[in-house]
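2 protein chains.
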Amino acid sequence: MVVDMISKKMENLVKNGSAIRAMFEEGKKMADLYGAENVYDFSLGNPSVEPPKEIAEAICEVVKDYNPNYVHGYMLNPGYIETRQAVADNINKRFGTNFGAQNIVMTVGAAGGMNVIMKSLLNPEDEVIVFCPYFGEYRSYASNFDAKIVEISPDTSSFQPKLDEFEAKITAKTRIVIVNTPNNPTGVVYSEETIKKIAAIMEKKSEEFGAPIFLLSDEPYRELAFDGVEVPYMTKYYKNTIVGYSFSKSLSLPGDRIGYLVIPSEVDDFENVISAAGVATRILGFVNAPSLMQLVVSKCLDAKVDVEIYNRNRELLYNSLLEYGYECVKPEGAFYLFVKALEADDKAFVAKAKEHRLLIVPGSTFGCAGYVRIAYCVDYDMIKRALPAFKALAEDYKV
Amino acid sequence: MVVDMISKKMENLVKNGSAIRAMFEEGKKMADLYGAENVYDFSLGNPSVEPPKEIAEAICEVVKDYNPNYVHGYMLNPGYIETRQAVADNINKRFGTNFGAQNIVMTVGAAGGMNVIMKSLLNPEDEVIVFCPYFGEYRSYASNFDAKIVEISPDTSSFQPKLDEFEAKITAKTRIVIVNTPNNPTGVVYSEETIKKIAAIMEKKSEEFGAPIFLLSDEPYRELAFDGVEVPYMTKYYKNTIVGYSFSKSLSLPGDRIGYLVIPSEVDDFENVISAAGVATRILGFVNAPSLMQLVVSKCLDAKVDVEIYNRNRELLYNSLLEYGYECVKPEGAFYLFVKALEADDKAFVAKAKEHRLLIVPGSTFGCAGYVRIAYCVDYDMIKRALPAFKALAEDYKV
Numbered sequence: 000m001v002v003d004m005i006s007k008k009m010e011n012l013v014k015n016g017s018a019i020r021a022m023f024e025e026g027k028k029m030a031d032l033y034g035a036e037n038v039y040d041f042s043l044g045n046p047s048v049e050p051p052k053e054i055a056e057a058i059c060e061v062v063k064d065y066n067p068n069y070v071h072g073y074m075l076n077p078g079y080i081e082t083r084q085a086v087a088d089n090i091n092k093r094f095g096t097n098f099g100a101q102n103i104v105m106t107v108g109a110a111g112g113m114n115v116i117m118k119s120l121l122n123p124e125d126e127v128i129v130f131c132p133y134f135g136e137y138r139s140y141a142s143n144f145d146a147k148i149v150e151i152s153p154d155t156s157s158f159q160p161k162l163d164e165f166e167a168k169i170t171a172k173t174r175i176v177i178v179n180t181p182n183n184p185t186g187v188v189y190s191e192e193t194i195k196k197i198a199a200i201m202e203k204k205s206e207e208f209g210a211p212i213f214l215l216s217d218e219p220y221r222e223l224a225f226d227g228v229e230v231p232y233m234t235k236y237y238k239n240t241i242v243g244y245s246f247s248k249s250l251s252l253p254g255d256r257i258g259y260l261v262i263p264s265e266v267d268d269f270e271n272v273i274s275a276a277g278v279a280t281r282i283l284g285f286v287n288a289p290s291l292m293q294l295v296v297s298k299c300l301d302a303k304v305d306v307e308i309y310n311r312n313r314e315l316l317y318n319s320l321l322e323y324g325y326e327c328v329k330p331e332g333a334f335y336l337f338v339k340a341l342e343a344d345d346k347a348f349v350a351k352a353k354e355h356r357l358l359i360v361p362g363s364t365f366g367c368a369g370y371v372r373i374a375y376c377v378d379y380d381m382i383k384r385a386l387p388a389f390k391a392l393a394e395d396y397k398v
Numbered sequence: 000m001v002v003d004m005i006s007k008k009m010e011n012l013v014k015n016g017s018a019i020r021a022m023f024e025e026g027k028k029m030a031d032l033y034g035a036e037n038v039y040d041f042s043l044g045n046p047s048v049e050p051p052k053e054i055a056e057a058i059c060e061v062v063k064d065y066n067p068n069y070v071h072g073y074m075l076n077p078g079y080i081e082t083r084q085a086v087a088d089n090i091n092k093r094f095g096t097n098f099g100a101q102n103i104v105m106t107v108g109a110a111g112g113m114n115v116i117m118k119s120l121l122n123p124e125d126e127v128i129v130f131c132p133y134f135g136e137y138r139s140y141a142s143n144f145d146a147k148i149v150e151i152s153p154d155t156s157s158f159q160p161k162l163d164e165f166e167a168k169i170t171a172k173t174r175i176v177i178v179n180t181p182n183n184p185t186g187v188v189y190s191e192e193t194i195k196k197i198a199a200i201m202e203k204k205s206e207e208f209g210a211p212i213f214l215l216s217d218e219p220y221r222e223l224a225f226d227g228v229e230v231p232y233m234t235k236y237y238k239n240t241i242v243g244y245s246f247s248k249s250l251s252l253p254g255d256r257i258g259y260l261v262i263p264s265e266v267d268d269f270e271n272v273i274s275a276a277g278v279a280t281r282i283l284g285f286v287n288a289p290s291l292m293q294l295v296v297s298k299c300l301d302a303k304v305d306v307e308i309y310n311r312n313r314e315l316l317y318n319s320l321l322e323y324g325y326e327c328v329k330p331e332g333a334f335y336l337f338v339k340a341l342e343a344d345d346k347a348f349v350a351k352a353k354e355h356r357l358l359i360v361p362g363s364t365f366g367c368a369g370y371v372r373i374a375y376c377v378d379y380d381m382i383k384r385a386l387p388a389f390k391a392l393a394e395d396y397k398v
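Taken in sequence, the protein lines are chains A and B. So the first sequence is numbered by numbering that gives the first Met the number 0: it starts at 0 and just counts up by one. So the second sequence is numbered by numbering that gives the first Met the number 0: it starts at 0 and just counts up by one.
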């Protein structure tokens, strides 16, 4: 009997998956060995702040007051009309846009939404441009549809997009450009000026190649912005923008898998694109975004987690790391620090960090070697306990 | 500017999607014209029976008693250990199997589960065998991974599988065989004897071609069986069986998107297959099955919708249609009747039915022309009101 039964496309992913599981197992072993209090896990983007109290209230309200076959039944694949209308109204109110229910497709989180829109738009060999560093899962999403990821190298001085290289790398095959601001893993936010420049380049290149290029704005961190920084709404700057949103971080609901796509009426071939997104939702096996949670979030669109808790973590960790001699662009949003590794090989640095019981993620996972991601969506007290370990790690490199 | 922006693979689906939407719109127009009471929609498999009362109780309990970051947070991609263990225990208790949490992957309904396992196992050009008539979405799921659907023609005398043709059509490229019993659209249940024959053929052919062929048992209708008929548990008859289950019908929760895969430890290359299923769950954009509902269903594994309500519908509609001269194999499960159209062209028959304000689905959608599917998961009173229309439709053909 052949023993290797899994899809060839999955083989490397399964190997890497096992590596992550091995890390996870090792973390558990470390916790057993040193005590959970003495292992500092900064590896996961799992929100530490509680969902706002409105969530539990809304869940109980929906379960008590609504017809159960409505709450738990099928609706049209893009979602309940009432939810889609509430989402559109809320975006319009906040950003001065003009969307209707027909522009919203409720999705199984942002990851579900990105797969839906890529399934809708991409042909094999199409190119998807990403700015390094970027969320590594984009590689798998593009690969699901046999598209090719094209990386724009990082500007490590600012982690803002390198626009010359971007313009040079757009080809006739470029179908989607992904932006993610506030960014995972750097926490940087793109300014309005930067967005206008990106839009101008994409307009010019769409014209040049005679086919629209879609800007896919992946926005799970939109609400997690600090110091009053503005996160511009992309659809206002570029016609062929599609927004992928998630309530995972804004309402601390990552496990519930609820988000949406915004597909403006202005995008080229709107009728087909919106229909395709509904069909893709169905045939990729989502069928629809979870029904109960659709009704719940539509009641909680003005609620928000307490971002000040993340801000306090950010200030403590950022200031302490700088004091210990680390280099880091100060993040304006999300809940990550992207820190320069103290040696060229980020994986070796991550291994060294583990000796100090610090669990962090190598930057090469995000297409940016020589850096590491530190997720500070953790207890403030754990950060305090971990500071001596970060200090000792820095001292290891001062010899 | 090019106007046709959607993926080539999606073009026909979007066109058909529009046809379904057109039918839906027409249904609404009919309701406006004749009154909603006078339009008889038998087209959708959306459960009409309420979820058992345990569901609402469990939701409120989980929300009140559990840590909200646990209820709404990320867990390992295959699901909460406590849920997976509860599911395994429940299957073991009912069917005398011996599964553990490590054999269960929680999924976004059965549709999500089927995409996960196909992503895990299929290479382009691999063949997936289905028995006509079959749930048409299987075509899209296979196409998502560039696999080929191979149809076994229907035995319209019984709607049991044609085993000779099955054996003849297995090739070196056959990777998956899908069975769905109780069946959508016929409602037939495969006997233990039939399953043993299928297993024997698959064992022989796996041996002959030197590679295991997986039996994928799609079981959303397992709990909807009538007259005490037994629905055998497939893993007991064939080693390389993978079960896809959904709570959509058993607990009337289709909108919530909650189900699971059972991947027995005995399947070939188990370690890689189970790892691949976890990775596929993540990269297809599901990430994990909805967290709150995972915890809810694990408290409701012994609950069940009132199947007697569907049984009453079945008896009324089946007996009445026979009386009017229709031909139909009496279903033993699910909530569909698969009825012989009164003319060769099932689409023309469906159009004729619409003139009587009856909305039903052509059998060609299920790979079985000349028949129609009538979903009786509707109000009993609507069936009573619709009977004269079914009678009049039959009389149209008696001239």
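Just so it is clear, CB atoms sit at the ideal spot from N, CA and C, and this is done for glycine as well.
In the DSSP assignment, find the alpha helix (DSSP H) that holds residue i and state where it starts and stops.
i, result
"residue 282 of chain A", "269–282"
"residue 117 of chain A", "108–120"
"residue 348 of chain A", "345–354"
"residue 139 of chain B", "136–143"
"residue 214 of chain A", "Where residue 214 of chain A is concerned, there is no enclosing alpha helix (DSSP H), although the beta strand (DSSP E) it sits in stretches over 213–217."
"residue 326 of chain B", "No alpha helix (DSSP H) contains residue 326 of chain B, which DSSP labels as neither H nor E."
"residue 367 of chain A", "Here residue 367 of chain A belongs to no alpha helix (DSSP H), and DSSP marks it neither H nor E."
Could you check what DSSP says for residue i in three-state terms: helix, strand or coil?
i, result
"residue 374 of chain A", "strand"
"residue 126 of chain A", "strand"
"residue 74 of chain A", "coil"
"residue 303 of chain B", "coil"
"residue 1 of chain A", "In this predicted model, residue 1 of chain A has a pLDDT of only 48, less than 50, meaning its place in the structure is not dependable; the value taken from the coordinates is given anyway. The answer is coil: DSSP assigns residue 1 of chain A none of H, G, I, E or B."
"residue 401 of chain A", "Here chain A covers residues 0 to 398 and nothing more, so residue 401 of chain A does not appear."
"residue 197 of chain A", "helix"
"residue 242 of chain B", "strand"
"residue 389 of chain B", "helix"
"residue 149 of chain A", "strand"
"residue 35 of chain B", "helix"
"residue 40 of chain B", "strand"
"residue 291 of chain B", "helix"
"residue 131 of chain B", "coil"
"residue 85 of chain A", "helix"
"residue 361 of chain A", "strand"
Below 8 Å CB to CB, which residues in the same chain sit around residue i once its five sequence neighbours on both sides are set aside?
i, result
"residue 131 of chain B", "150, 151, 152, 153, 365, 366, 367"
"residue 181 of chain A", "187, 188, 220, 221, 223, 224, 230, 330, 331, 332, 333"
From the options, pick the residue whose C-alpha is nearest to that of residue i; which is it?
i, options, result
"residue 374 of chain B", "B/45, B/10, B/15", "B/45"
"residue 289 of chain A", "A/12, A/178, A/77", "A/77"
"residue 193 of chain A", "A/163, A/361, A/358, A/306", "A/163"
"residue 26 of chain B", "B/284, B/43, B/325", "B/43"
"residue 139 of chain B", "B/218, B/9, B/244", "B/9"
"residue 101 of chain B", "B/381, B/20, B/82, B/251", "B/82"
"residue 302 of chain A", "A/84, A/247, A/225", "A/247"
"residue 22 of chain B", "B/97, B/358, B/230", "B/358"
"residue 62 of chain A", "A/209, A/106, A/294", "A/294"
"residue 218 of chain A", "A/208, A/211, A/231", "A/231"
"residue 223 of chain A", "A/251, A/236, A/32, A/362", "A/251"
"residue 354 of chain B", "B/317, B/387, B/261, B/315", "B/387"
"residue 234 of chain A", "A/242, A/316, A/335", "A/242"
Quick one: residues in its chain with C-beta nearer than 6 Å to the C-beta of residue i, no 5 flanking neighbours on either side, listed in chain order?
i, result
"residue 123 of chain B", "145"
"residue 0 of chain B", "The pLDDT assigned to residue 0 of chain B is 46, lower than 50, so where the model puts this residue is not dependable; a value taken from the coordinates is nonetheless given after this. Contacts found: none."
"residue 158 of chain B", "185, 187, 328"
Near residue i, what residues of its chain come up, given a Cβ to Cβ distance below 7 Å and the 5 sequence neighbours on each side ignored?
i, result
"residue 37 of chain B", "356"
"residue 172 of chain B", "124, 125, 126"
"residue 236 of chain B", "194, 195, 198"
Check for me: the beta strand (DSSP E) holding residue i runs from which residue to which?
i, result
"residue 173 of chain A", "173–178"
"residue 260 of chain B", "258–261"
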